[in-house]
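The opening residue of the sequence shown carries number 1 in full-length UniProt numbering; numbering runs sequentially from there.
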Amino acid sequence: MLRGTIPLGRYAGVPVGAHWSVLVILVLLTDVIATSVLPAAAPGHATAAYWGTAVAASVCFLASLLAHELGHAVTARHYGVGVKRITLWLLGGAAELEGSAPNPRADFVIAAIGPAISLVLGGLCWGTAFLAAGVLPELVATGIAWIGFTNVVLALFNLLPGTPLDGGRVLRAAVWKRTGDRARAALVAGRTGQVLGVLLMVLGVGEVLVLGQLSGLWLALIGWFLVSAAQAELTGDTTRSLLGDRTVRAVLDPAPVTAPGWLTVEAFLDTVAVPARARVFPVVSFDGAPLGVVALGELARLPARLRFETRVADVARPLDAAVTAGPDEWLADVLARTALRPGRDLLVVLDHGRLAGAVTADDLVRTVELAVLGKQAEAPAAEPRSQA
Ligand SMILES: [Zn+2]
């Protein structure tokens with residue numbers, strides 16, 4: 001998440017936030033509408049009327065941007081892809097997905113719904129402005145027409161065929177469907193995104209140098225953003241192509257040494273932790289239900305005299321503060337959303353609320369290193385371990 005993001009509540013269950021840089025767009029848009037768009041299209045009104053309409057129009061535009069992002073988010077949910085949050089910022093909006101689409105069709109629909117919503121909103125606004133031209137006050141009709149026009153531009157720009165733009169994801173889905181190779185499709189779309197970004201930067205700088213128009217800087221900024229975002233996606237996709245379709249199940253330890261939550265810390269150290277050679281443990285209840293995670297480093301902060309009276313469950317980090325994953329999640333997705341700290345975190349693998357195993361930070365790093373070397377990590381043997 002961008003630092004300096006203000007939460008705006010949840011819509012359709014998705015947390016929405018606005019980065020302070022949204023204010024920059026709001027001010028720039030309002031200024032352009034009030035001082036040039038409206039006076040040119042509908043001359044002869046009071047300055048205050050121009051500014052009032054301009055503020056309303058730019059707020060409505062931000063709302064339509066949010067509708068576009070919510071479209072991505074709700075559709076992603078529909079296909080079983082989690083959505084972390086939606087952030088509105090300087091260059092528009094972004095819905096952060098927690099995984100990847102399960103198939104090309106889902107990839108396509110999740111991407112295409114955003115521009116589709118913008119196009120529909122654009123058409124509705126234009127239609128309203130056109131049909132109600134004589135009924136609505138002139139400034140209101142002009143404002144609505146502007147919102148319609150901007151939504152159409154937003155849709156068309158987003159359909160440019162390079163990631164991270166929606167058009168890039170549509171291209172990715174198409175190549176994925178044709179070749180059956182998601183990694184290759186992502187590479188094609190990412191490279192196009194980079195080319196597109198460079199092109200926009202050149203156009204923007206050209207506009208400034210040749211035409212002397214400072215607005216070209218805006219285009220150059222968007223181009224620069226596209227290049228770096230496409231690069232970031234390519235890096236993420238490299239991990240993905242290295243790890244392929246490998247799931248958590250392939251690397252999990254199905255029988256990790258667990259910390260019995262009901263034991264006192266002292267008893268746990270003597271009977272479990274010392275012989276185990278592990279540093280981080282999943283904590284379980286008496287009937288084997290997962291409760292959380294505890295690391296030796298955390299126990300070390302507990303005053304020694306309290307070890308005899310404190311239970312492991314009382315000092316464990318609860319499950320919702322721990323890193324968890326399902327056994328069939330793709331490893332690349334897990335790596336993309338979490339960073340395990342060695343000796344402190346443990347990937348707790350949950351299957352329908354039951355403890356299905358665990359993956360240590362070292363195991364994860366080792367899997368990636370072996371993948372770089374072109375080797376597969378073997379799944380740990382499911383040998384039963386002695387456990388107090
Ligand atoms: Zn979009």
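Ideal placement from N, C-alpha and C gives every residue a C-beta, glycine not left out.
Touch test, the region 253-266 against the region 187-199, Cβ-Cβ under 8 Å, three pairs minimum:
At 8 Å Cβ cutoff, the stretches do not touch.
In chain order, which alpha helix (DSSP H) runs of at least 4 residues are fully inside the region 217-294?
Listed in chain order, the complete alpha helix (DSSP H) runs (minimum 4 residues) inside the region 217-294 are 265-268.
So is Ala381 buried or exposed if we call it buried at 16+ other beta carbons inside 10 Å?
Low local confidence applies: a pLDDT of 49 at Ala381 is under 50, so the model's placement there is unreliable, with the coordinate-based value given in what follows. It counts as exposed.
Terminal residues of the continuous beta strand (DSSP E) containing Ile86?
Per DSSP, Ile86 belongs to the beta strand (DSSP E) from Val83 to Trp89.
Taking buried to mean at least 16 other C-beta atoms within 10 Å of its own C-beta, is Glu233 buried or exposed?
By the neighbour-count rule (16 or more Cβ atoms within 10 Å), Glu233 is buried.
Output needed for Ala220: all residues of its chain with C-beta closer than 6 Å, excluding positions within five of it in sequence on either side, in chain order.
Here the set comprises Met201, Gly204 and Val205.
Roughly how many angstroms separate the alpha carbons of Ala34 and Ala12, rounded to a whole number?
About 33 Å.
For the alpha helix (DSSP H) that contains His72, what are its first and last residues?
Counting along the chain, the alpha helix (DSSP H) containing His72 begins and ends at Thr47 to His78.
Tell me whether Ser285 is buried or exposed, calling it buried when 16 or more other Cβ atoms sit within 10 Å of its Cβ.
A residue is called buried once 16 or more other Cβ atoms fall within 10 Å of its Cβ, and Ser285, having fewer, is exposed.
Counting C-beta neighbours from all protein chains within 10 Å, is the total for Ser386 16 or more, i.e. buried, or is it exposed?
A caution first: Ser386 carries a pLDDT of 42, below 50, which makes its placement in the model too unreliable to give a value.
Given 7 Å as the limit, tell me if Asn151 has its C-beta closer than that to any heavy atom belonging to ligand 1.
Every heavy atom of ligand 1 is 7 Å or more from the Cβ of Asn151, so no.
So, is the C-beta of Pro43 closer than 8 Å to a C-beta in chain B?
This model lacks chain B altogether, as it is built from one protein chain only.
Proximity winner among Ile6, Ala40, Ala57 and Ala49, relative to residue 392 (alpha-carbon distances):
A question about residue 392 goes unanswered here, because the residues of the chain that appear run from 1 up to 388.
C-beta atoms of Asn151 and Ser64 nearer than 8 Å
The Cβ atoms of Asn151 and Ser64 lie closer than 8 Å to each other.
Same chain only: Cβ atoms within 6 Å of Ala18, ignoring 5 sequence neighbours per side:
Answer for Ala18: Ile6, Leu8 and Leu88, listed in chain order.
Going by DSSP, which residues form a beta bridge with Pro318?
Within the DSSP secondary-structure output, Pro318 pairs in a beta bridge with Gly292.
For Glu329, name the three-state secondary structure that DSSP assigns.
Three-state DSSP puts Glu329 in coil, outside helix and strand.
Throw me the rounded Cβ distance for the Val145 and Ala129 pair, which I believe falls under 8 Å.
Just to set this straight, residue 145 is Ala in the shown sequence, not Val. The Cβ separation is near 4 Å, so the contact holds.
Contact under 8 Å by Cβ, Thr264 with Thr310:
Here Thr264 is near Thr310, since their CB atoms are less than 8 Å apart.
Quick one: residues in its chain with C-beta nearer than 7 Å to the C-beta of Ile147, no 5 flanking neighbours on either side, listed in chain order?
So the qualifying residues of the chain are Ala57, Cys60, Phe61, Ser64 and Cys125.
Short of 7 Å in beta carbon distance, which residues of its chain neighbour Ala371, apart from the five on each side in sequence? Order them along the chain.
Within the same chain, Ala371 has close Cβ partners Leu242 and Leu243.
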